[in-house]
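Worksheet: the structure to be examined is printed underneath.
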Amino acid sequence: MCGICGYTGSRQAADILIDGLKKLEYRGYDSAGIAISHGTSVAIRKNCGRVSVLKSICRESPVEGACGIGHTRWATHGEASTLNSHPHTNLSGTIAVVHNGIIENHTELRSFLCDKGYRFVSQTDTEVIPHLIDYYYRESFDYLGAVRCAVSDLKGSFAIAVLCSDYPGKIMAVSYHSPLVVGIGESENYLSSDINALSGKTDKMYILDDGEIAAVTAEGVSVYDKNGNAVDKEIHQTDLQTENADSGAYGHYMLKEIYQQPHVLRQMISTHIFADKPTLFGELEYGDIKDTERIFIIGCGTAYHAACVGKYIIEKYAKLAVEADVSSEFRYRNPLIDDKTLVIAITQSGETADTLAAMKLAKEKGAKIIAVTNTPRSSAVRIADFTFLTSAGAEISVASTKAYTAQLASLYIFAVFLAEHIQKEELTLLKNALLRLPKDITATLSLEEKIKDAAKSLVNCEHLYYIGRGADSVTADEGALKMKEITYIHAESYPAGELKHGPIALIDEKSLVVAVSTDKKLHGKTVSNISEVIARGAKVLCISPFDTPDAFCTIKIPQTHGAVSPFTAVAALQLLAYHTALLRGCDVDKPRNLAKSVTVE
Ligand code: M6R
C-alpha cells in the first residue's frame, strides 16, 4: 500500500511526480504529497485527499525544481490527515522522506530520538526515518552513510526515498521487503513502487533487492548493499503494461471490468485448454509436479475465494487433496510442508505482503511454488518456481471482478492439466462447459436491468446475509465481500446448512438474505433453508437457474454444467453490489479504507 515515485533530471519534477502518483493512486488514496529539491532547500506540498487535490495545490502554489519524490498514502499509523501525509521531514526541513511499509520498532526509535531532543509532529511510524537520518548525518555529513545507518536500525518492511538539501539532485532509495524500482532514462532517472507506473517514461530499470540502497542522480545510478559495497546490477528491459485508458461509456472501471469477463475467459480458455493437447499450465510440465502429495492454494480476500473454488475443482477432477488457506494464517500456523508439497499462490497484484511471505516460507521448507498472478515481473513471479499469468488485463477498480474470474479460470485450467493424466470422460464435459462459458456469462450480464431493479431492495439494508451450499457457499462469500467492500453494508455469508447452528438467531423481518443455488442436487436443500429464513420474517433474493417460488425475486442465471456455475453466479453478484453501491452514492472504484495492492501485513 502507498505509492512512491521519484524523478531527477532537467525537467520540472512536480508535473512528472503528480503524473506518477496518479498511476500509483490505486495503492492508497488517503493523502498525497511531494518534496522537491529547490535551490538549497526542500519544498513540500501535501494534502489529505486525492492526487487531484494535490495537483490543484501545486497549480496554486507552484514549486520549481528538477529533482523530487512523491507519495500517495494508505494510512497505517495515524489517521488520514495532512499532518500525517508524506513526505515527512527532520526538524529543520532539510531531509524529506516518503515511505511505504511499516516500521515495527517505531515506538522504541521514537523514544530514543526524543531522548536526543527530537520532536515529532505526526502520529506516523515514518517520521522516525528523517530524524534518524538527521541524527547520523550530523555525525558524519555522509549522505549515503547516514541513510545506511538509519535503515539498519529499522525493523519491519519498507521502501523509502529520501531528499537532502545538501545534495539537491540526488535521491537515495531503499527497498526492504517492499518493492521499488529505478527507471533509467536519458540524462534523467525515475523511482517507482510499481514497474508499470513507469510506462511512457522508460522501459529500462533496476529492480532493487532487499536491503539495497540506490543513489539516483540525473547522470547515473549507483546501487549499494547494506554494508555499503557497490553492487553490479542487471538492467531489466521490458514491455510495460499500460493501464486501461479510461472507463469509457461504462462510467466506472468496475462495470467495464465486469463486462470484460467474457472476453478474458474466452482468451484464457481457448489459449490454454483448446490450443494444445494436452492442456498446458504456463511453463509447468507434468513431470515437475507428478510426485506431489499435498496441494495448498493460498491467497487473500478475493484471491482466497478463488483458492476455495479451486479446491472443489481440483479435488473433483484431479483427485488430489487440496487445502485452501488465507495467506496471513498460513504463514503463521506451521503448515505441514515438505518437498512433496505444491503451493499455488493466487495474487492479482503479485505484491500482497502476506502472500509473498507465505510463498517464501513454503519455499524455505522445500515446497514447489506456482504463482498465479495478473502481474508479470511482480515480486510473486520472482519468488515462484513457476508462473501462470492470468492475462485479465489491468484491473483498475479496487473491487476485483475480472481478475477473480481469471483466477478461477486458471485453477480450472490447472485441474484439467492434472486430470488429463488420469481421466477423460468427465473431463470432456467440463471442457465443453468451459468453452461455452463466455456465452453463459454474457447471458448473465444481460440480466443487468433485473439486477439493478433488485438492488433497490438492498439499498437501505443495514445487514445482508448470503447463503449457498457447496461451491455456491464460496460464491456467497465472494458476493458478500464485494457488497461490503463497495457499499459499506454489513454483509455476512454462511454455508446454508450452518444457518440453524447459530446465525439464524439474527434473522428477523428486517433481514434480507441473498441465496445462491446453482447445484440441481442441492437446490432442494437450499430451498428448505430459504423457507426457514422466510418463516422468521426475512426477504430472500435468489441467484439461481431454477425456480424458487418463495423468494421475492429470483435472478435466473443460465443453467450451466454445475462445475462452472461459480463464474456465472458471481457475475450476477458483482452487478448486484455495483448497482447497490451506485444507489447509495458510493465511490465504486475507490472504496473507503481500501487499496488495490496490499503491501503491508
Ligand atoms: O493482489 P491480490 O490478489 O493478492 O489481492 C488480494 C486481496 O487484497 C484482493 O483480492 C481484495 O480482497 C479485493 N479488493 C477484493 O475485491
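Numbering of the sequence shown is given in my numbering, commencing with residue 88 and proceeding in unit increments. Here a beta-carbon is modelled for each residue, glycine too, at the ideal position from N, C-alpha and C. Here the structure is a predicted model, which means the values were calculated and not measured.
Helix, strand or coil at residue i according to DSSP, with G and I counted as helix
i: PHE383; result: strand
i: GLU410; result: strand
i: LYS398; result: helix
i: ASP672; result: The amino acid occupying residue 672 in the given sequence is Gly; Asp does not appear at that position. Correct three-state label for GLY672: coil.
i: PHE639; result: coil
i: GLU147; result: helix
i: SER580; result: strand
i: VAL268; result: strand
i: VAL208; result: coil
i: ASN187; result: strand
i: GLN510; result: coil
i: GLN435; result: coil
i: LYS403; result: helix
i: SER280; result: coil
i: LEU200; result: helix
i: GLN661; result: helix
i: SER262; result: strand
i: ALA317; result: strand
i: HIS588; result: helix
i: LYS343; result: helix
i: LEU250; result: strand
i: TYR94; result: strand
i: GLY136; result: coil
i: HIS175; result: strand
i: LEU681; result: coil
i: THR667; result: helix
i: ALA130; result: strand
Contact test: residue i Cβ vs the ligand M6R heavy atom, cutoff 7 Å
i: GLY93; result: no
i: VAL685; result: yes
i: THR442; result: yes
i: SER487; result: yes
i: GLY386; result: yes
i: SER436; result: yes
i: ALA625; result: no
i: GLU572; result: yes
i: LEU476; result: no
i: ALA650; result: no
i: LEU111; result: no
i: THR693; result: The chain is shown only over 88 to 688; residue 693 falls outside these bounds and no answer can be derived.
i: LEU200; result: no
i: ALA471; result: no
i: ALA394; result: no
i: ALA541; result: no
i: THR389; result: yes
i: LEU662; result: no
Start and end residues, beta strand (DSSP E) containing residue i
i: MET88; result: Careful: MET88 lies outside any beta strand (DSSP E) and carries neither H nor E.
i: GLY307; result: Element bounds for GLY307: n/a, residue is neither H nor E.
i: ALA301; result: 300–303
i: GLY157; result: 154–160
i: VAL627; result: 626–631
i: VAL601; result: 599–603
i: LEU476; result: 473–476
i: LYS569; result: Here LYS569 belongs to no beta strand (DSSP E); instead the alpha helix (DSSP H) covers 558–574.
i: ILE121; result: 118–125
i: ILE322; result: Unbroken run through ILE322: none, as it is neither H nor E.
i: LYS291; result: 291–294
N-terminal and C-terminal residue of the alpha helix (DSSP H) that residue i is part of
i: ILE356; result: 348–356
i: CYS548; result: Segment: none, CYS548 is in no alpha helix (DSSP H) and carries neither H nor E.
i: GLY232; result: 230–240
i: ARG469; result: 466–470
i: THR460; result: Looking at the DSSP string, THR460 is not in any alpha helix (DSSP H); the run it does join, the beta strand (DSSP E), is 455–460.
i: TYR373; result: 373–376
i: HIS218; result: 215–227
i: ASN421; result: Careful: ASN421 lies outside any alpha helix (DSSP H) and carries neither H nor E.
i: HIS648; result: Unbroken run through HIS648: none, as it is neither H nor E.
Below-8 Å beta-carbon distance, residue i vs any chain E residue
i: PHE639; result: Here there is only one protein chain, and chain E is not present.
Proximity test, residue i beta-carbon vs the ligand COA heavy atom, cut-off 7 Å
i: LEU495; result: For the ligand COA, the structure offers nothing, since it holds only the ligand M6R.
Anticipated Cβ contact below 8 Å, residue i with residue j, distance rounded
i: GLY256; j: CYS154; result: 5 Å
i: ILE121; j: GLY157; result: 4 Å
i: ALA542; j: LEU663; result: 6 Å
i: ALA486; j: PRO678; result: 7 Å
i: SER684; j: SER436; result: 4 Å
i: LEU586; j: GLU619; result: 7 Å
i: GLY107; j: ILE258; result: Contact doesn't hold; Cβ gap of about 13 Å is too wide.
i: MET693; j: SER484; result: This structure leaves residue 693 out entirely; the chain is present only between 88 and 688.
i: PRO645; j: THR531; result: 6 Å
i: VAL303; j: THR95; result: 6 Å
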